[in-house]
Amino acid sequence: MKILVIEDEPDLLAAIKTSLEKEAYIVESAGDFASASEKLGIYTYDCILLDIMLPGGSGLDLLASLKEADKSENVIIVSAKDSLDDKINGLGLGADDYLTKPFHLAELTARVKAVLRRKQLGGKNSVDVNNVSLLVEERQVMVDDVPMSLNRKEFDLLHYFLLNKSRLITRESLAEHVWGDNIDQADNFDFIYYQIKNLRKKLQAAAAEVEIQAVYGVGYKLITP
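Residue 158 in the UniProt record's numbering sits at position 158 of the sequence shown, and the numbers go up by one each step.
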């Protein structure tokens with residue numbers, strides 16, 4: 001899961017980033033209106049933590065742009081402004097939640113998990129395809145109720161594939177989702193090939209009733225043969 005934190009207070013930004021990374025999320029950041037607008041125009045995120053008062057502009061304007069682009073889901077406004085009008089405007093523009101500073105990082109993490117669970121899993125804590133069950137918060141995969149051992153990247157890859165069952169996923173979007181925006185600096189995508197090769201072997205060894213199929217020259221697709 002990839003999260004963008006838009007926050008201009010460096011100490012708070014660092015604390016939020018560290019807290020979310022401990023939960024195994026990929027966390028990108030933006031400290032002002034311009035950089036946030038650029039990232040939102042290029043990349044797609046599973047959740048956005050959005051401050052209202054930013055150098056160079058208002059977070060509500062960013063939210064309005066997201067709504068126009070039909071991308072305003074999974075936004076949590078995090079702001080020192082405890083104005084009823086701001087809350088109403090933010091929620092009206094598509095934000096899912098509103099958290100007023102100061103707050104406990106544990107509460108923020110809980111709200112992020114709730115938003116992701118509500119939007120992607122229909123309120124459930126697992127993604128289930130045939131005999132494979134991926135428990136999101138526990139970061140555990142079960143095949144016929146038997147635990148399957150995966151490293152962090154293999155888990156993230158399988159999670160993304162299960163959420164996008166039967167859909168073609170390009171190597172570029174897969175790399176960006178699992179490895180973050182700095183994937184732009186990679187010379188090639190060989191590392192994806194090796195991670196998926198290992199994941200395939202583990203799924204086969206566990207007799208999982210899902211298969212990751214290569215689409216030559218484009219990417220991959222999870223199928224249920």
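Heads up, the beta-carbon is just placed ideally off N, CA and C, and yes, glycines get one too. These numbers were taken from a predicted model, which means no experiment stands behind them.
| Check | Outcome |
| --- | --- |
| Simplified DSSP assignment, three categories, for Leu49 | strand |
| Met148 versus Ala206: straight-line alpha-carbon distance, rounded | 7 Å |
| Lys153: first and last residue of the uninterrupted alpha helix (DSSP H) it sits in | 152-163 |
| Bounding residues of the beta strand (DSSP E) (the contiguous stretch that carries Leu222) | 219-223 |
| Leu12 - containing alpha helix (DSSP H), residue span | 10-22 |
| DSSP three-state assignment for Ala214, whether helix, strand or coil | strand |
| Classification of residue 226 by the beta-carbon crowding that lies within 10 angstroms, buried from 16 upward | Residue numbering for the chain in the displayed model covers 1 to 225; residue 226 lies beyond these limits and cannot be assessed. |
| Nearest to Glu68 (by Cα), restricted to the options Gly94, Lys87, Asp46 | Gly94 |
| Nonlocal neighbours in the same chain, by C-beta distance under 6 Å from Gly59, ignoring five residues either side | Leu50, Asp51, Ile52 |
| Cβ-based burial, His104 [other Cβ within 10 Å; buried from 16] | exposed |
| Residue of Gly56, Ala214, Asn164, Ala110 minimising C-alpha distance to Val127 | Asn164 |
| CB-CB length for Arg139 against Ala64, believed under 8 Å | Between Ala64 and Arg139 the Cβ distance is about 35 Å, and since that is not below 8 Å, they are no contact. |
| Check: Val129 C-beta below 8 Å from any heavy atom of the ligand SAM | No copy of the ligand SAM appears in this structure; indeed no ligand is present at all. |
| Three-state secondary structure (DSSP) of Glu137 | coil |
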